[in-house]
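Remarks on the structure that follows.
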Amino acid sequence: MFGAGGGTSSYAEVEDTDFVLLWGSNARTAHPIYFHHVLKGLSKGAKMFVVDPRRTASAKFADLWLGIDVGTDISLANAMSREIIAANLHNKEFIEHATSGFDAFAAHVDEYTLERAAATTGVNANAIRELAHEYATAPTAQILWTLGITEHHNGVENVLSLCNLALLTGHVGRWGSGLVPLRGQNNVQGGGDMGALPNKLPGFQDVADNSARAKFESVYGGPINPEPGLHLTLMFEAMTRGELTALYIIGENPADSEADVDHTRKLLAELDILVVQDIFLTRTAQLADVVLPATVGWAESEGTVTSSERRVQRVRAAVKAPGDCRHDYEIIGELAQRMGAKWTAKTPEELWNELRSLSSMHAGMSYDRLEAEGGLQWPCPNIDHPGTPYLHGWLWEDDLGGHVPAPFSITRYEGPKEQLTDDYPLRLTTGRALDSYNTGVQSSGYESPIRSGSHLEISEVDALNLNLVDGERVLVSSPRGRVEMHIKIEPDQVTGLTFSTFHFPELVDLNLLTNNEWDPLSGTAEFKAASIRVDKLPIGTSRG
Amino acid sequence: MADLQFGDARPDGEEIKIVDSFVRKTAVVREGERVIRGGITRRHEQRHLLLPGLHLLQNSQGWISPGGLNYLAEVLQVPPAEAYGVATFYDLFVTEKPSTPGPQHHICVDAACAMAGSADLLSKIQETGQRVHKSPCLGQCERAPAMFIQEIGAPDRVPADADDLFHPQRGDSSLRLLRRFGVADPVSIDSYLSNGGYDALALALNIGSEAVLSALEASGLSGRGGAAFPTGTKWRAVSEENSSSKHVVANADESEPGTFKDRLIMENDPFAVIEAMTIAGVTTGSERGWIYIRGEYPLATHRLNHAIEHARASGYLGSKIAGSDYSFDIEVRRGAGAYICGEETALFNSIEGQRGEPRNKPPFPTTSGLFGEPTVINNPETLINVLEILNNGVDAYRSVGTDQSPGTKLFCLSGHIRFPGLYEVPFGVSLGELLQIAGGVVGDLQAILMGGAAGRFVGPENLDLPLTLEDAAANETTLGSGALMVFSHEVDMLEVTRRLAQFFRDESCGQCVPCRIGTVRQHEVLLQIGAKGPDQTQRELLDDISAVMGDASICGLGHTAASAIQSALDLGLLPSGAS
């Protein structure tokens with residue numbers, strides 16, 4: 090809503106903030122390094138409220154945990170907005186100065202009463218009121234979120250409803266206040282920044298923008314298609330229709346990671362040609378016609394990565410890659426050359442300087458500066474610019490720095506696409522464990538003393554109703570598939586909610602169950618909300 | 021800050037009952053299935069209940085079981101590994117199931133008790149099949165050999181507490197600090213009131229904070245724990261701190277071997293300590309008082325708790341004390357057998373439910389003390405001096421003693437002295453005169469250990485030494501806590517120094533390297549020294565250890581862990597001449 094996609098704040102800000110609202114994120118487990126910054130903030134006296142269907146390891150550090158029902162985030166956020174306005178705690182001066190659409194927004198959220206939110210979220214009205222008041226009255230406050238917000242069919246609306254809270258209270262564009270989406274990998278931010286988005290060129294320049302395209306065409310030495318490409322989910326739909334028949338996958342393992350994964354594997358197997366570039370022979374790579382072995386980004390490659398706080402940092406090769414592995418940029422460059430392109434930049438630094446000439450937000454970041462200053466945060470438009478610790482400071486400038494006011498967004502509560510039914514009466518949500526990473530490509534090769542495999546975590550009440558004992562192996566079914574797995578009874582688990590990781594697809598193919606309803610704006614599937622049933626295995630069939 | 025991962029050990033019903041009855045406000049509160057209140061602030065607020073909780077488990081079960089510890093840690097939301105670290109820090113807590121459920125007898129093996137035959141007492145009890153534990157000084161040196169008993173389900177006890185107070189100066193009209201000893205009934209607030217009690221508080225409320233601070237500064241009162249820091253300066257610093265929460269702490273963790281003055285004050289004049297703390301509270305703007313008393317002082321603990329209850333009932337504690345606008349109340353916290361907790365910052369950590377390890381200074385307690393808040397910390401002897409200054413005025417107070425050491429001082433005499441006990445004399449009385457007051461040396465004087473284990477030995481040639489802060493310093497010795505342990509020629513001083521070295525080896529908290537390793541090496545060298553005394557290499561080694569501990573330790577324990585031994589070497593109390 091404010092423009093380029095990036096966290097607004099620096100890591101250090103959460104150490105100085107007064108209030109942390111951790112929403113749909115188990116950062117303690119999934120972002121352990123970032124959470125150390127959070128813990129410093131808490132030690133210095135910040136309060137933390139956690140909104141999450143599960144009482145996660147992060148929630149155990151919370152002053153108040155609100156265990157909302159899966160997918161009811163907008164209901165909660167809108168009720169908070171309504172309460173903040175009703176209690177006259179909104180920042181009227183800021184709203185007047187820096188935002189637009191407040192009146193329509195206020196009218197829209199008026200129906201989201203505390204009582205209604207309590208009914209939809211399952212959290213009592215007093216707790217919601219307390220959260221709204223604490224957030225609004227804190228001198229500085231940050232909202233941190235991850236996939237609990239975005240892995241829904243309406244993930245973008247979820248994000249926008251959180252942005253509304255920041256605009257309402259002025260908790261953005263200042264040190265210690267902001268909106269912080271935590272990224273799952275060291276370079277997710279960098280991928281988007283470098284144009285790995287279907288409608289963007291590097292530096293978030295639009296492919297439809299003729300002058301931007303012309304600039305890139307002159308350097309790349311060839312025409313660029315002005316039509317936006319497809320994002321992942323649309324690609325699979327195009328495959329289903331037989332329109333997309335050739336696929337080049339770099340460092341992604343959709344044969345394990347996609348929701349409704351059985352369907353995905355069929356599509357990949359039916360392609361005319363599948364090329365996979367990866368560091369391991371993943372399940373996806375096993376389906377490929379051509380596998381291009383690549384170097385590991387962290388230890389075997391030269392270049393830069395960009396963290397969630399928009400900090401571009403140098404990475405260097407520490408060891409020589411084994412066998413015939415080659416750097417990603419070499420493989421892509423050689424392919425481009427075979428296809429007739431005449432790229433002049435050969436080394437990572439030459440490539441980087443080429444980017445600096447094309448993307449103004451990176452223009453000031455020379456390798457020398459990145460080295461000397463421990464990385465720089467974009468935007469950094471010229472060699473004398475210090476980089477930008479937090480975004481949207483213009484919201485507080487007299488003339489808004491020439492920007493148009495930031496708009497409030499109208500977001501409507503819908504709930505998850507897949508509602509619970511008598512046949513599938515339990516909610517399944519998914520997440521990560523501390524010592525594992527996504528489908529396990531990069532983590533299952535290592536042993537960990539705390540790894541416990543994929544269990545279906547289930548409440549005491551549900552286990553009792555289903556006559557299950559802790560550790561029992563059960564049949565778990567969704568409308569799309571079924572898997573056998575062991576249950577783990579969690580004392581803090583809310584009745585009706587189940588949870589599992591999907592780190593061990595070889596053992597438990599959990600994404601057979603998950604829902605591929607996806608957000609039309611982000612292309613992200615609703616991993617966080619499937620409906621399932623749990624059945625005892627017939628006597629004698631349990632494999633123990 | 022750690023995640024809370026609790027082990028599988030489960031508490032039994034009794035342990036659950038004990039913990040639940042004690043912790044009324046749990047760190048985690050469930051407000052329905054989907055709302056749970058918790059957080060770091062609540063964890064921190066509850067953490068100080070760990071030490072009293074461990075006391076309850078120890079007392080009810082005779083040890084702290086893994087299940088009981090787990091449960092207490094869970095209720096308080098303390099990481100169990102940290103709770104275990106705290107439980108194992110203290111001598112009085114046992115984390116392995118004892119061989120028999122019978123009482124545990126702690127028998128002092130430090131110098132004064134060793135001279136009085138503690139070894140015999142120990143073997144006598146051992147022969148009956150009962151449990152014994154060799155203890156460091158129990159603070160009963162005037163009635164050695166000392167014993168302290170823990171028993172399941174019964175209050176901890178000291179058998180000698182049944183005896184009447186021995187007060188060698190009884191009837192002496194010149195007494196100031198001890199004047200109520202044996203005169204006022206220590207369990208009656210009316211008796212305290214009719215013997216001048218609470219006159220000083222009334223005066224302090226009347227003249228106001230600034231006048232009290234000025235009087236203290238003019239009096240020249242300095243801390244009686246050994247460091248001799250000016251009390252008025254300390255109080256003023258806290259009164260000037262701008263903080264919504266401040267504390268007054270009585271450091272009653274009297275553990276310096278040979279010292280028992282604070283125990284006798286608390287047993288015989290408990291209201292005086294409470295009144296003086298209350299004056300500190302109103303003068304410095306502190307509303308919370310804490311008495312940290314060593315765990316081996318059951319009678320003093322009982323008397324203080326009793327006195328606090330009665331003071332509260334009579335309006336001298338609580339809100340609007342003595343009809344004023346001030347609020348002040350006191351909690352008593354028991355230590356659990358750790359010498360180091362007498363170090364003021366270790367004491368704060370102990371109250372806070374951490375291991376009793378000293379902190380780096382600065383920051384000093386006046387700015388960042390208990391719970392990180394401004395704190396006045398004084399020992400009971402220092403505190404009751406405040407009453408004398410206010411009741412009689414600065415001039416009267418300064419009318420005895422010397423210019424730099426005004427007033428009187430309490431001395432604890434033990435060992436080879438005719439009438440071991442607590443004596444109050446004006447500063448400036450000579451060492452020899454004090455020994456005469458106490459009936460004289462029994463036998464042929466070899467040496468006197470001044471200031472306890474952290475002090476220094478002096479020989480018979482020092483009997484003319486005037487007992488003042490300035491004269492002690494000029495003679496490179498110290499009055500320390502006022503302990504004077506007398507040794508005749510019967511005593512093998514090598515054994516005494518070995519025991520001192522072992523004491524520091526046992527009591528070092530292990531936090532800093534110079535002290536952790538130095539105290540062990542020092543003890544080892546003394547064990548190696550034969551009948552001929554230290555050779556040159558051994559002497560150099562002891563000197564080096566002393567220098568490193570003195571220069572580089574975090575706290576006073578390490579700084580002074582070699583001082584008595586060094587002085588014994590310098591005085592030739594150990595055999596010498598080996599090569």
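First to last, the protein sequences are chains A and B. Here the first sequence is numbered in this note's numbering, starting from 90 and rising by one per residue. Here the second sequence is numbered in this note's numbering, starting from 21 and rising by one per residue. All residues carry an ideal CB built from backbone N, CA and C; glycine is no exception. Keep in mind it's a predicted model, so treat the numbers as computed, not measured.
Checklist entry - Measuring CA to CA, which of B/334, B/530 and B/543 is closest to residue 517 of chain B? => result Ranking B/334, B/530 and B/543 by Cα distance to residue 517 of chain B puts B/543 first.
Next on the checklist: Quick check: what's the CA-CA separation for residue 366 of chain A versus residue 97 of chain B?
Outcome noted: When rounded, the distance between both Cα atoms is 48 Å.
Item to check | Straight-line Cα distance separating residue 362 of chain B from residue 218 of chain B | outcome: In a straight line, the C-alpha of residue 218 of chain B is about 28 Å away from that of residue 362 of chain B.
Next on the checklist: DSSP has residue 432 of chain B in a bridge; who is on the other side?
Outcome noted: Beta bridge pairing from DSSP links residue 432 of chain B with B/442 and B/503.
Checklist entry - What are the residues that DSSP puts in a beta bridge with residue 126 of chain B? => result BP columns for residue 126 of chain B point to B/153 and B/168.
Checklist entry - Thinking C-beta only, is residue 258 of chain A closer than 8 Å to residue 179 of chain A? => result Yes, the pair counts as a contact, with Cβ atoms nearer than the cut-off.
Next on the checklist: Contact criterion: CB-CB distance below 8 Å. Does residue 57 of chain B meet it with respect to chain A?
Outcome noted: At least one chain A Cβ lies under 8 Å of residue 57 of chain B.
Checklist entry - Does the region 346–353 of chain B touch the region 201–217 of chain B, meaning 3 or more C-beta pairs lie closer than 8 Å? => result No: the two stretches stay apart, fewer than three of their Cβ pairs being nearer than 8 Å.
Checklist entry - Should residue 192 of chain B be labelled buried (16 or more other beta-carbon atoms within 10 Å of its own) or exposed? => result Answer is exposed; the Cβ neighbour count stays below 16.
Checklist entry - For the alpha helix (DSSP H) that residue 112 of chain A lies in, which residues bound it at each end? => result Per DSSP, residue 112 of chain A lies in no alpha helix (DSSP H); the unbroken beta strand (DSSP E) holding it starts and ends at 108–112.
Checklist entry - Listed from N- to C-terminal order along the chain, which residues in the region 45–56 of chain B have their beta-carbon within a distance smaller than 8 Å of any beta-carbon of chain A? => result For the region 45–56 of chain B, residues whose beta-carbon sits nearer than 8 Å to a beta-carbon of chain A comprise 51, 52, 53, 54, 55 and 56.
Item to check | residue 129 of chain A beta carbon less than 8 Å from that of residue 108 of chain A | outcome: Not closer than 8 Å, so no.
Checklist entry - Counting only runs that start and end within the region 428–500 of chain A, where is the alpha helix (DSSP H) found for 4 or more residues in a row? => result Counting only runs of 4 or more residues that sit fully inside the region 428–500 of chain A, the alpha helix (DSSP H) segments are 437–447 and 456–461, in chain order.
Checklist entry - Is there a Cβ from chain A that is less than 8 Å from the Cβ of residue 437 of chain B? => result Not an interface residue.
Next on the checklist: Tell me the DSSP secondary structure of residue 456 of chain B in three-state form.
Outcome noted: Here residue 456 of chain B sits in helix by DSSP.
Checklist entry - In terms of DSSP beta bridges, what is residue 621 of chain A paired with? => result Residue pairing by DSSP puts residue 621 of chain A in a beta bridge opposite A/515.
Checklist entry - According to DSSP, is residue 398 of chain B helix, strand or coil? => result It is a strand residue.
Item to check | Selected residue, minimal CA-CA separation from residue 176 of chain B, among B/40, B/357 and B/289 | outcome: Of B/40, B/357 and B/289, the residue nearest in Cα terms is B/357.
Checklist entry - Mind checking whether the beta-carbon of residue 559 of chain B lies closer than 7 Å to any heavy atom of the ligand GTP? => result This structure does not include the ligand GTP; it has no bound ligands of any sort.
Checklist entry - What residue ranges within the region 276–320 of chain A form continuous alpha helix (DSSP H) runs of no fewer than 4 residues, ordered along the chain? => result DSSP runs (the alpha helix (DSSP H)) wholly in the region 276–320 of chain A: 277–282 and 299–309.
Checklist entry - Taking Cβ positions, are residue 585 of chain B and residue 521 of chain B nearer each other than 8 Å? => result Less than 8 Å separates the beta-carbon of residue 585 of chain B from that of residue 521 of chain B.
Checklist entry - Using the C-alpha atoms, what's the distance from residue 573 of chain A back to residue 337 of chain A? => result The alpha-carbon atoms of residue 337 of chain A and residue 573 of chain A are separated by roughly 33 Å.
Next on the checklist: For a contact defined as C-beta to C-beta under 8 Å, what are the partners of residue 520 of chain A on chain B?
Outcome noted: For a Cβ distance threshold of 8 Å, nothing in chain B lies close to residue 520 of chain A: the least Cβ distance comes to about 16 Å.
Checklist entry - Are three or more beta carbon pairs between the region 163–172 of chain B and the region 77–84 of chain B nearer than 8 Å? => result The answer is yes - the region 77–84 of chain B touches the region 163–172 of chain B, with three or more Cβ pairs under 8 Å.
Checklist entry - Along the chain, which unbroken stretches of the beta strand (DSSP E) at least 3 residues long are found entirely within the region 259–286 of chain B? => result Listed in chain order, the complete beta strand (DSSP E) runs (minimum 3 residues) inside the region 259–286 of chain B are 267–272.
Next on the checklist: Quick check: the region 433–443 of chain B against the region 236–255 of chain B, are at least 3 beta-carbon pairs closer than 8 Å?
Outcome noted: Not touching, per the Cβ criterion.
Checklist entry - residue 253 of chain B CB to nearest chain A CB: under 8 Å? => result With 8 Å as the cut-off, residue 253 of chain B does not count as an interface residue toward chain A.
Next on the checklist: Quick check on the DSSP output: the beta strand (DSSP E) that includes residue 311 of chain B runs from which residue to which?
Outcome noted: For residue 311 of chain B, the enclosing beta strand (DSSP E) stretches over residues 308–313.
Next on the checklist: Against chain B, does residue 213 of chain A count as a neighbour if the rule is that its beta carbon must be under 8 Å from one of theirs?
Outcome noted: Interface residue, yes.
Checklist entry - Is the beta carbon of residue 165 of chain B sitting closer than 8 Å to the one on residue 136 of chain B? => result Taking 8 Å as the Cβ cut-off, residue 165 of chain B and residue 136 of chain B qualify as a contacting pair.
Item to check | Positions along the region 143–170 of chain A whose CB lies within less than 9 Å of some CB in chain B | outcome: When CB distances to chain B are screened at a threshold of 9 Å, the residues of the region 143–170 of chain A falling below it are 144, 146, 148, 149, 150, 151, 152, 153, 154, 155, 156, 157 and 158, in chain order.
Checklist entry - Any C-beta of chain A sitting closer than 8 Å to the C-beta of residue 23 of chain B? => result It does; some Cβ of chain A falls within 8 Å.
Item to check | Candidates B/414, B/460, B/425 and B/449, of which the one nearest residue 436 of chain B by Cα | outcome: Measuring from the Cα of residue 436 of chain B, the nearest candidate turns out to be B/460.
Checklist entry - What does residue 61 of chain B touch in chain A if you count any residue whose Cβ is under 9 Å from its own? => result In chain order: 131, 134, 136 and 152.
Checklist entry - If you drop the 5 nearest sequence neighbours on each side, which residues of the same chain put their C-beta closer than 7 Å to that of residue 113 of chain B? => result Around residue 113 of chain B: 74, 78, 84, 107 and 356.
Item to check | Spatial neighbours of residue 400 of chain B in its chain, beta-carbon cut-off 7 Å, leaving aside the 5 residues before and after | outcome: If we look at residue 400 of chain B and ignore the five residues flanking it on each side, its Cβ neighbours are 270, 272, 282, 285, 286 and 293.
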